[in-house]
Amino acid sequence: MTDFRIIPGDIPLPLPTMGLEFMEPFFHGLLIVAWVVHILFINVLLGASLASVYFNSKGHKEKNPIYDRVAYLLTTPVTISENMGALWGVAPLLLVSILLTPLFYSSSIMISPHWLHIIYGNVVAFLLSYLYKYTWHTLEHRKTLHIFIGTVGVALFYTLPWAFMANVQLAMTPSTWTYTTHFWDALLRADTFFRLVHFYLATFAVTGVFMLVYGMYKRKSDNAEDREAGVVLTRTGKTWFIIPTVLNFFVGPLVLFSFPDYGIEAFFENGYFWGILLTVALALFSLYLLLKDFFNDDLPAKRVWTVVAVMVVAILSMASLRHGMRMGLVKPVLDASHAKTERFQRESLAAFEEAKNTPATPVATQANVHAGQSLAEKHGCLACHNADIKVVGPAYKDVAAKAYTADQIVELVKTPKPENWPGYMPMPPMPQVPAEDVKQIAEWINGLK
Amino acid sequence: MFDYPIFEMPFIGHRLLFAFDAILHVFISHGAAVGGSIILALTQWLAIKNNDHKLDALSYKILFTFFILATAVGALTGIGIWIHINIINPAAIGALLRVFFWKWFIEWIVFNAEMILLLWLFLIWKKHPLGTQGKKKVFNLVLSYAVASWLTMAIITAILGFMMTPGNWLKSYFPAEPDYMAALFNPSWIPSLGFRTFWSIAWAAAMAMLLTWFFTKKDLELRQKAMRLFGTVLLVCIPFFVLFGAWYYAQFPQAAKDLFWMGAITRRLAAHPEYATYLIVALSSMVLIGAVSLYTKPKHAPVFLAVMMLIGSMGLIGEFERVREFVRKPYIIYDYMYANGVRVADVPYLNKTGYLKHAAFVPPEFREVNEQNKLVAGKYLYQMQCRYCHTTNGINSVKARTAGLSEEAIYIRIGSLNSPATPFMPPFTGTDAERKALAAYLASLATHDKPALAYQKQLDEVKK
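Order-wise, the sequence lines are chains A and B.
Using numbering that gives the first Met the number 0, you'd call the opening residue of the first sequence number 0 and step up by one each time.
Using numbering that gives the first Met the number 0, you'd call the opening residue of the second sequence number 0 and step up by one each time.
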């Protein structure tokens with residue numbers, strides 16, 4: 000069994016299952032589905048925004064308006080998927096936050112402030128993507144500038160997965176935590192690196208499938224230019240799906256075997272490897288479907304939808320086996336964390352009860368104490384003053400040496416005169432203390448020697 | 000129990016880091032989304048009713064601006080609030096999520112509806128010009144978008160209300176058992192919702208007036224019509240949010256009311272509550288003078304007045320959020336959790352057994368205080384209990400707060416943090432040895448260059 004150096008505690012409040020048995024498995028299922036939807040939108044965002052800039056510059060270089068049209072058409076899925084992607088990231092965040100609190104919160108903090116890049120980097124990338132889209136016609140004759148804006152936005156979007164991947168990878172591998180782990184430790188690890196490569200390749204593959212569907216609709220358009228753009232989309236879609244998918248057959252195993260041993264063991268013991276076999280078989284089948292008609296620009300709708308359906312199943316299977324891997328990796332720590340939290344609560348309850356039954360004896364209730372002293376404590380004077388030594392304010396002995404009358408002290412409490420005590424922090428006025436009480440406090444102060 | 004790694008935001012501190020994101024979100028979500036959608040629905044309704052093509056064209060321009068702001072900045076900074084508090088105060092957001100999970104989940108579904116409606120109406124707007132049958136569909140989309148935006152705010156407001164006035168939400172402390180309905184229907188939810196709703200509409204109207212000024216440079220007739228419309232909306236909303244505001248204020252706990260004037264300005268100026276009054280009066284006058292003059296003389300009023308009105312509104316909104324955050328102190332969830340993430344009920348246990356002992360991310364050699372490690376242990380305590388509000392030498396720095404104080408004086412001061420002198424501060428939690436360690440660390444900060452050296456020396460020695 001692996002030793003875990005750090006076992007964080009959990010939030011001492013119950014899971015919001017509404018007392019229903021099936022709720023926890025339901026949360027996990029929901030997490031898998033919501034996460035897949037989120038990732039698919041993000042895939043299309045990254046793929047389509049890159050493709051748009053690519054076709055924009057290609058159209059500019061080759062003076063071909065069809066490519067320019069393809070590039071422009073691709074900005075609509077970018078707008079939709081950036082918004083929907085962010086939105087569907089919220090549900091997984093919500094679920095992870097309650098299911099894996101100790102792990103996910105810890106990893107988020109370890110990689111901070113870089114974790115905030117997913118907000119601020121995102122806002123800037125969003126604004127650039129809008130600027131790129133809505134200046135299309137204004138900057139028609141300043142293409143270099145236009146392509147530059149697009150490129151910067153896309154580059155920024157491509158840095159966002161770094162923060163996500165570092166966070167998820169760190170949350171999943173509590174065995175690697177140290178007291179000083181930070182963002183770059185998590186990002187520059189083999190497992191994070193392979194996962195990023197796998198993710199970027201999958202991004203192109205998913206965008207490829209998206210282009211097949213989008214191209215199919217555009218090929219049926221009333222507009223001749225859009226029909227030609229549809230053909231370009233279909234051709235690109237095929238290539239974008241086939242090459243990255245083949246490459247990912249090789250990257251996938253690297254990802255799997257870069258996890259800690261105990262996780263891989265749990266993964267195989269629980270039979271999740273069947274998910275891998277299923278995913279690979281389905282991906283191979285999709286490849287076959289597309290390669291068979293590789294030179295057919297008029298890919299029939301039935302073929303496109305079959306590929307989509309097969310890949311949706313493949314992705315869900317992959318997402319489930321990944322979730323299995325995650326749970327295998329975090330279960331030992333999660334169990335230990337829950338046990339630790341329960342123990343803490345039990346012991347804290349004992350101390351709480353004890354404190355309740357033996358109320359602390361403040362100065363006020365002790366015998367032989369001047370009433371003024373109790374009042375000074377009650378009104379918070381003793382936060383800054385001590386009878387004998389200088390704290391924030393002067394010692395009361397030193398105040399007594401000034402021999403103020405009680406009325407003077409009442410006035411000074413209301414409107415302190417910092418000039419009387421150079422070198423001290425100015426006292427805030429305390430007009431809420433009743434004059435009667437101040438008089439008793441003054442009596443106590445003046446009695447000090 | 001402090002069980003998270005430590006993230007420290009140097010110089011600007013956590014409060015400003017958080018405030019930057021949060022206030023940006025409030026400006027945009029309340030203005031461009033919640034209030035903005037209501038303004039847009041009203042404008043569309045009038046444009047359709049009067050077949051007013053110019054007003055319709057103007058409302059598209061306003062929609063375009065609101066769309067960019069709401070999607071690129073509003074939505075993301077909203078998620079950002081969550082991400083920020085996640086790394087700043089994980090214990091608090093963790094507790095809120097457990098109590099409000101289902102409300103948050105419903106909010107997410109409504110948020111989906113809001114976003115899809117906004118994208119949909121924005122992308123089809125130009126396909127259905129005024130006078131066509133499809134325009135009615137656009138109007139219905141705008142109206143549904145307005146309802147969805149308002150609902151998201153309604154749910155989030157319940158959570159904010161809960162943090163200040165949780166009501167009787169906790170059936171038992173050990174094990175903690177929340178009463179979910181009581182938490183939702185907390186006393187300040189409805190009044191604060193009314194308050195936010197009306198100022199959102201007024202604020203959106205102010206934004207629309209500024210935009211109108213820019214979009215109608217060549218059409219003063221349209222400017223007059225639009226300024227009168229938005230100006231009426233703004234002025235009508237004022238008495239409503241003032242009334243709801245008073246009702247909301249009445250729900251504050253007494254201790255929070257007592258902190259009101261201090262929250263309204265800085266602590267340094269607490270002796271002069273009248274300054275806060277001047278500030279609020281000045282900001283309100285900026286809004287009123289701007290709104291009234293744009294309303295009465297829309298063709299002649301300079302853009303300066305619109306900008307002034309906007310700055311005044313932003314000042315008032317910022318001021319409200321600041322006060323709301325400040326008066327909740329020393330708690331983050333009233334009576335349940337202190338601002339520094341310590342549960343009130345855990346204090347006796349932590350005072351008895353030690354705070355560091357339970358800190359999973361503090362290396363074991365620093366969990367028990369001794370002469371050799373007390374500076375380092377003290378720094379951990381500072382990071383775990385103080386850095387929520389303080390920095391070492393930036394904003395609200397502990398170095399400035401303890402300048403010139405002896406170690407013993409600091410030690411005494413730490414013992415009565417939550418006293419009538421500073422009622423907004425949570426108490427120090429931990430054993431006497433830990434209190435001494437924190438005092439030693441804070442005292443070492445005051446002595447210029449040496450603390451880093453002394454600290455480093457200890458760290459190196461213990462690590463050996």
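Where a beta carbon is used, it is the ideal one built from N, C-alpha and C, also for glycine.
Q) Cα separation between valine 151 (chain A) and valine 343 (chain B)? A) 49 angstroms
Q: Closer than 8 angstroms by beta-carbon distance: list the chain A residues that pair up with glycine 429 (chain B), in chain order.
A: Neighbours of glycine 429 (chain B) on chain A: none; closest Cβ ~13 angstroms, over 8 angstroms.
Q: Taking leucine 54 (chain B) and lysine 224 (chain B) to be in contact with their CB atoms under 8 angstroms, please state how far apart those CB atoms are, rounded to whole angstroms.
A: 7 angstroms
**Q.** Through-space distance from isoleucine 200 (chain B) to valine 232 (chain B), alpha-carbon basis
**A.** 8 angstroms
Q: Out of B:Asn167, B:Ser171, B:Ala182 and B:Asn139, state which residue places its alpha-carbon closest to the alpha-carbon of leucine 159 (chain B).
A: B:Ala182
Q.
I need the DSSP call for leucine 99 (chain A), collapsed to helix, strand or coil.
A. coil
Q. So lysine 170 (chain B) is in the beta strand (DSSP E); what residue range does that whole segment cover?
A. 169-171
Q | chain A residues whose Cβ lies nearer than 9 angstroms to that of serine 415 (chain B) | A | Glu376, Gly379, Leu381, Ala382 and Cys383
Q | alanine 363 (chain A) to valine 432 (chain A) span [Cα, whole Å] | A | Per-residue confidence for alanine 363 (chain A) stands at a pLDDT of 49, beneath the threshold of 50, marking its modelled position as unreliable; the derived number appears in the next sentence. Distance between the alpha carbons of alanine 363 (chain A) and valine 432 (chain A): 17 angstroms.
Q: Could you say which of A:Ala394, A:Lys401, A:Ala399 and A:Asn419 lies nearest to glutamate 407 (chain B) if we only look at CA atoms?
A: A:Ala394
Q: Select from A:Ile148, A:Met109 and A:Gly207 the residue whose C-alpha is nearest the C-alpha of alanine 124 (chain A).
A: A:Ile148
Q) Looking at C-alpha atoms only, which residue of B:Tyr144, B:Leu293, B:Gly403 and B:Thr76 is the closest neighbour of alanine 21 (chain B)? A) B:Thr76
Q) Apart from the five residues on each side of it in sequence, which residues of its chain come closer than 7 angstroms, Cβ to Cβ, to lysine 456 (chain B)? A) none
Q: Consult DSSP for serine 396 (chain B) and reduce its assignment to one of helix, strand or coil.
A: strand
Q: Under the assumption that leucine 142 (chain B) contacts alanine 40 (chain B) (Cβ atoms under 8 angstroms), give the Cβ distance between them as a whole number of angstroms.
A: 5 angstroms
Q. In chain order, what residues of the same chain have a beta carbon less than 6 angstroms from the beta carbon of tyrosine 271 (chain A), not counting five sequence neighbours either side?
A. Leu320 and Gly323
(Q) Suppose the cutoff is 6 angstroms on Cβ atoms and the five residues either side in sequence are ignored; what does the same chain contact list for glutamine 439 (chain A) look like? (A) Ala370, Gly371 and Leu374
**Q.** Assigned secondary structure, threonine 179 (chain A) (DSSP; H/G/I helix, E/B strand, else coil)
**A.** coil
**Q.** Classification of lysine 291 (chain A) by the beta-carbon crowding that lies within 10 angstroms, buried from 16 upward
**A.** exposed
Q: Sort A:Leu381, A:Lys217 and A:Ser285 by Cα distance to arginine 68 (chain A) and report the nearest one.
A: A:Lys217
Q) Counting along the chain, where does the alpha helix (DSSP H) carrying tyrosine 144 (chain B) start and finish? A) 134-163
Q: Output yes if chain B places a C-beta closer than 8 angstroms to the C-beta of tyrosine 66 (chain A); else output no.
A: no
Q) Fully enclosed by the stretch 360-424 of chain A, which alpha helix (DSSP H) runs are 4 residues long or longer? A) 370-377, 395-400 and 405-413
Q. Should glutamine 439 (chain A) be flagged as near chain B, meaning a C-beta pair shorter than 8 angstroms?
A. no
Q) Quick one: does leucine 210 (chain B) have its CB under 8 angstroms from some CB of chain A? A) no
Q: Take the Cβ of alanine 420 (chain B) as the centre, count every other Cβ of all protein chains shown within 10 Å, and call the residue buried at 16 or more, exposed below.
A: buried
Q.
With a threshold of 7 angstroms on Cβ separation, who are the neighbours of leucine 39 (chain A) within its own chain once the five nearest residues in sequence on each side are excluded?
A. Val205
(Q) Short of 8 angstroms in beta carbon distance, which residues of its chain neighbour leucine 72 (chain A), apart from the five on each side in sequence? Order them along the chain. (A) Tyr213, Lys217, Asp225, Ala228 and Leu232
Q: Tell me, please, which residues DSSP counts as bridged to tyrosine 330 (chain B).
A: B:Tyr337
Q: Show which residues of chain A have a CB atom less than 8 angstroms away from the CB atom of valine 397 (chain B).
A: Under the 8 angstroms cutoff, chain A gives no residues; its nearest Cβ is about 13 angstroms from valine 397 (chain B).
(Q) Check whether chain A comes within 8 angstroms of phenylalanine 173 (chain B), counting only Cβ atoms and requiring the distance to be less than that. (A) yes
Q: Taking C-beta pairs closer than 8 angstroms, name the residues in chain A that aspartate 178 (chain B) reaches, listed in chain order.
A: Within chain A, no residue comes near aspartate 178 (chain B); the closest Cβ sits about 12 angstroms away, beyond 8 angstroms.
Q) Would you say histidine 29 (chain B) reaches chain A, if we count a Cβ-Cβ gap shorter than 8 angstroms as a contact? A) no
**Q.** lysine 237 (chain A) beta carbon less than 8 angstroms from that of phenylalanine 293 (chain A)
**A.** yes
Q.
With a threshold of 8 angstroms between beta carbons, is methionine 324 (chain A) in contact with chain B?
A. no
Q) According to DSSP, which residues form a beta bridge with arginine 474 (chain B)? A) Beyond the ends of chain B as shown, which are 0 and 463, falls residue 474 (chain B); an answer cannot be given.
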